[in-house]
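Undergrad: Provided herewith is a single structure, encoded as C-alpha cells, for subsequent inquiry.
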Amino acid sequence: MVKSKKNKRVKMAEERKGANVQKPVDEEGAAVAEEQKGQAVGSEQEIAIKHTEGGAVIDNRPRVCPSCGSTDIIFDAERGEYVCNNCGLVIEANVTDMGPEWRAFDADQRNERARTGAPIKYMKPNKGLVTEIDMYNKDIRGAKLPSKRQAQLYRIRKWHKRASIASSSERNYLVALPELSRVASYLGLPDNIRESAALLYRQCVKNNLIRGRPIETVANAALYTVCRQAGMPRTLDEMAQISGVPKKEIGRTYRIIAHELNLKIPLTNPVSYVPRYVAALKLSGEAQKKAEELLRQAMKKGLVSGRSPTGVCAAAVYIASALVGERRTQKEVAEVAGVTEVTIRNRYRELKKELNIDVNL
Ligand SMILES: [Zn+2]
Numbered sequence: 132m133v134k135s136k137k138n139k140r141v142k143m144a145e146e147r148k149g150a151n152v153q154k155p156v157d158e159e160g161a162a163v164a165e166e167q168k169g170q171a172v173g174s175e176q177e178i179a180i181k182h183t184e185g186g187a188v189i190d191n192r193p194r195v196c197p198s199c200g201s202t203d204i205i206f207d208a209e210r211g212e213y214v215c216n217n218c219g220l221v222i223e224a225n226v227t228d229m230g231p232e233w234r235a236f237d238a239d240q241r242n243e244r245a246r247t248g249a250p251i252k253y254m255k256p257n258k259g260l261v262t263e264i265d266m267y268n269k270d271i272r273g274a275k276l277p278s279k280r281q282a283q284l285y286r287i288r289k290w291h292k293r294a295s296i297a298s299s300s301e302r303n304y305l306v307a308l309p310e311l312s313r314v315a316s317y318l319g320l321p322d323n324i325r326e327s328a329a330l331l332y333r334q335c336v337k338n339n340l341i342r343g344r345p346i347e348t349v350a351n352a353a354l355y356t357v358c359r360q361a362g363m364p365r366t367l368d369e370m371a372q373i374s375g376v377p378k379k380e381i382g383r384t385y386r387i388i389a390h391e392l393n394l395k396i397p398l399t400n401p402v403s404y405v406p407r408y409v410a411a412l413k414l415s416g417e418a419q420k421k422a423e424e425l426l427r428q429a430m431k432k433g434l435v436s437g438r439s440p441t442g443v444c445a446a447a448v449y450i451a452s453a454l455v456g457e458r459r460t461q462k463e464v465a466e467v468a469g470v471t472e473v474t475i476r477n478r479y480r481e482l483k484k485e486l487n488i489d490v491n492l
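Residue 132 is where the sequence shown starts when you use the numbering used here, and the numbers rise one by one after that.
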C-alpha cells in the first residue's frame, strides 16, 4: 500500500514535472529562437546604420560572395572585414569604418553623443558656426516671459550679436553673402557655385582686394569668376542687370581678382550657352544638337577665338534653327543672347562661308 502510494506520488510528481518541464522547454526554445532572430535583426540594423552614417562605405560594400555566391555577407566591425556568412570567406579586409564609434538608438542619444555639428558653410556669416538666440520672448514651455526678463534677453541678444560678428570682415560678409545668394538664385545657380563664390569672396577679403571697392561689386565679380571656372558662364550683362552694378565695374574687378589670386580661368566655351538659348527660344533638341555641332566645327577652324562667345553661339543657334526648320528671326535670337543683330549677322556670314553651310536666311 505504502509502496504503491509512494509510487503513485512519485508518478504524479514525475508527471507534473514532465508537464512542467516540457512547457518551459518549449517556451524557452521559442524565446531563444526569438532572441536569436532579434539579435540577427538588430545586428543587420546596426550594419545598415553604420553604413548609412559612413556614407562612403555603402557603395563599396560587397554584395555577393565570389566563392559560393551567397549574398549573406557580414561586416565584422571589430576586425574591419567583410565575411561571407555561408562559407566564411573574408571578402575584404582592412575596411575603414567611416561611421561614428558610438551608437545611438534614438534622436536624443544621437544629439547627445554626436560631437560634430552641421557642415561649415561659407555662405553663412561665421561659416554657420554660431549660437543663435531666438526672437521669441517665450520660455521652454511656450509661456510668455515676465517683462523684466524680456528686457534682459533683449540686452543679451544685442551683445551676443555684437560679440559674434566682432571683426570688420565678418560685418562685411553680413552684407556680401546675402547679395551673393540673391544674385545666384536669380541666375538659377546651384548651391555648390554659391559656396565657391562665398569662399572666393572670403579670399578677396583676406587678400585686401575689397579696399576701396563697393562690397556688391566684389561679390558679383566673385560670382562671375566662379561661374566661369565651373563652366556655366553667365554674361556680364546678365549679372549687371540683376545686381544693379555696372557691367564695366564687374568686369574690371573680375580681372583684378583673377590676376591677384592667380586664378586660371578657362576661356568661355560658346557651346555652354547653347542649352540656355535653345530653351529661351523654345527650340527642339534637334536644333540644340545642330548648333553644338556647328560650334564644334567652328572651333576647329579657329572661328571662335577673339570673338565674343555669346555672339558666335547666337549665330550658331540662329543657323541651326533654320536648318532644322524651326526658324527664329535675328531679332529674337539677339534679344535672348543679349547681343546686337549686327553681331549675329557678322558671325553668321563668317560661319556660313567658312563651314560651307547651304542655308538661305
Ligand atoms: Zn561564401
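Note that beta-carbon positions come from the ideal geometry of N, C-alpha and C, so glycine has one too. Because the structure is a prediction, the values reported are computed rather than measured.
Could you check whether the stretch 380-399 touches the stretch 422-431, counting it as contact only if at least three pairs of C-beta atoms, one from each stretch, sit closer than 8 Å?
TA: No, the stretch 380-399 is not in contact with the stretch 422-431.
Undergrad: If you count every other CB in all the chains shown that lies within 10 Å of the CB of Ser278, and 16 or more means buried, which is it?
TA: As a working note, residue 278 is residue 147 in the sequence shown. Counting Cβ neighbours within 10 Å, Ser278 comes out exposed, since fewer than 16 surround it.
Undergrad: Run through the DSSP bridge pairs and tell me what Tyr267 is partnered with.
TA: On the sequence shown, residue 267 is found 136 positions in, with the first residue counted as 1. The partner list for Tyr267 (beta bridge, DSSP) is empty, contrary to what the question assumes.
Undergrad: Going by DSSP, name the residue or residues bridged to Ile205.
TA: Here residue 205 refers to the residue found at position 74 when the sequence shown is read from its first residue. Note: Ile205 sits in a beta bridge opposite Val214.
Undergrad: Whole-angstrom Cβ separation of Asp203 and Asn216, contact assumed at under 8 Å?
TA: Position 72 of the sequence shown holds residue 203. Position 85 of the sequence shown holds residue 216. Rounded, the Cβ-Cβ distance is 4 Å, consistent with contact.
Undergrad: For Ala144, name the three-state secondary structure that DSSP assigns.
TA: Along the sequence shown, read from residue 1 onward, the residue named residue 144 stands at position 13. Bear in mind that the predicted position of Ala144 carries a pLDDT of just 44, short of 50, making it too unreliable to give a figure here.
Undergrad: Using the Cα positions of Leu414 and Glu457, report the straight-line distance between them to the nearest angstrom.
TA: Here residue 414 is taken as the residue at index 283 of the sequence shown, counted from 1. Here residue 457 is taken as the residue at index 326 of the sequence shown, counted from 1. Their backbone Cα atoms lie some 7 Å apart in a straight line.
Undergrad: At which residues does the beta strand (DSSP E) containing Ile222 begin and terminate?
TA: Counted from its first residue, the sequence shown places residue 222 at position 91. Ile222 -> beta strand (DSSP E) spans Val221 to Glu223.
Undergrad: Would you call the CB atoms of Val490 and Cys444 closer than 9 Å?
TA: Counting from 1 along the sequence shown, the entry for residue 490 is found at position 359. Counting from 1 along the sequence shown, the entry for residue 444 is found at position 313. Cβ distance not < 9 Å, so Val490 and Cys444 don't count as in contact.
Undergrad: Jot down the residue ranges of each uninterrupted alpha helix (DSSP H) in the stretch 351-415, minimum 4 residues, whole runs only, in chain order.
TA: The qualifying runs are 367-374, 378-391 and 405-411.
Undergrad: Roughly how many angstroms lie between the CA atoms of Arg325 and Leu354, to the nearest whole one?
TA: Stepping through the sequence shown from its first residue, residue 325 is reached at position 194. Stepping through the sequence shown from its first residue, residue 354 is reached at position 223. Roughly 7 Å separates the two Cα atoms.
Undergrad: Identify whether Lys252 lies in helix, strand or coil by the three-state DSSP scheme.
TA: The sequence position of residue 252 within the sequence shown is 121, counting from 1. Three-state DSSP puts Lys252 in coil, outside helix and strand.
Undergrad: Note down the Cα distance separating Thr399 from Pro364, rounded to an integer number of angstroms.
TA: The count along the sequence shown starts at 1 and reaches residue 399 at position 268. The count along the sequence shown starts at 1 and reaches residue 364 at position 233. Spanning the two alpha carbons is a distance of roughly 7 Å.
Undergrad: Measure the C-alpha to C-alpha separation of Glu380 and Gln372 and round it to an integer number of angstroms.
TA: Counting from one through the sequence shown, the residue named residue 380 turns up at place 249. Counting from one through the sequence shown, the residue named residue 372 turns up at place 241. Glu380 and Gln372: Cα-Cα distance of roughly 13 Å.
Undergrad: Any heavy atom of ligand 1 within a distance shorter than 8 Å of the CB on Leu308?
TA: Residue 308 sits at position 177 when you count from the first residue of the sequence shown. Every heavy atom of ligand 1 is 8 Å or more from the Cβ of Leu308, so no.
Undergrad: Would you say the beta carbon of Ser198 is closer than 8 Å to some non-hydrogen atom of ligand 1?
TA: Position 67 of the sequence shown, counted from the start, is the residue given in the question as residue 198. Result yes, Cβ under 8 Å from ligand 1.
Undergrad: I need the straight-line Cα distance from Arg210 to Cys199, nearest angstrom please.
TA: By one-based count along the sequence shown, residue 210 stands at place 79. By one-based count along the sequence shown, residue 199 stands at place 68. Using only the alpha carbons, I get a separation of about 22 Å.
Undergrad: Are the stretch 327-335 and the stretch 299-319 touching, with three or more C-beta to C-beta distances below 8 Å?
TA: Output reads yes: the stretch 299-319 touches the stretch 327-335.
Undergrad: Do Glu463 and Leu394 have their C-beta atoms within less than 9 Å of each other?
TA: For the purposes of this step, residue 463 is identified with residue 332 of the sequence shown, where counting begins at 1. For the purposes of this step, residue 394 is identified with residue 263 of the sequence shown, where counting begins at 1. For Glu463 and Leu394, no; Cβs fall outside 9 Å.
Undergrad: I'd like to confirm something about Cys218: is its beta-carbon nearer than 8 Å to some heavy atom of ligand 1, or not?
TA: Walking along the sequence shown from the start, residue 218 turns up at place 87. Yes, ligand 1 has a heavy atom inside 8 Å of this Cβ.
Undergrad: Hey, how far is the Cα of Thr384 from the Cα of Pro440?
TA: The sequence position of residue 384 within the sequence shown is 253, counting from 1. The sequence position of residue 440 within the sequence shown is 309, counting from 1. Cα to Cα, Thr384 sits roughly 20 Å from Pro440.
Undergrad: Nearest to Gly219 by alpha carbon, out of Ala235, Ala352, Ser201 and Leu340?
TA: As a first step, residue 219 is located in the sequence shown; it is residue number 88 there, counting from the start. Per the Cα distances, Ser201.
Undergrad: What residue range does the alpha helix (DSSP H) around Val464 cover?
TA: In the sequence shown, the residue the question calls residue 464 occupies position 333. Element bounds for Val464: Gln461 to Ala468.
Undergrad: So Val455 and Val409 are supposed to be a Cβ contact under 8 Å. How far apart are they, rounded?
TA: Within the sequence shown, numbered from 1, the residue matching residue 455 stands at position 324. Within the sequence shown, numbered from 1, the residue matching residue 409 stands at position 278. 11 Å between Cβ atoms; not a contact.
Undergrad: Counting along the chain, where does the alpha helix (DSSP H) carrying Gly442 start and finish?
TA: On the sequence shown, position 311 is the one that residue 442 refers to. Segment Pro440 to Leu454, the alpha helix (DSSP H) holding Gly442.
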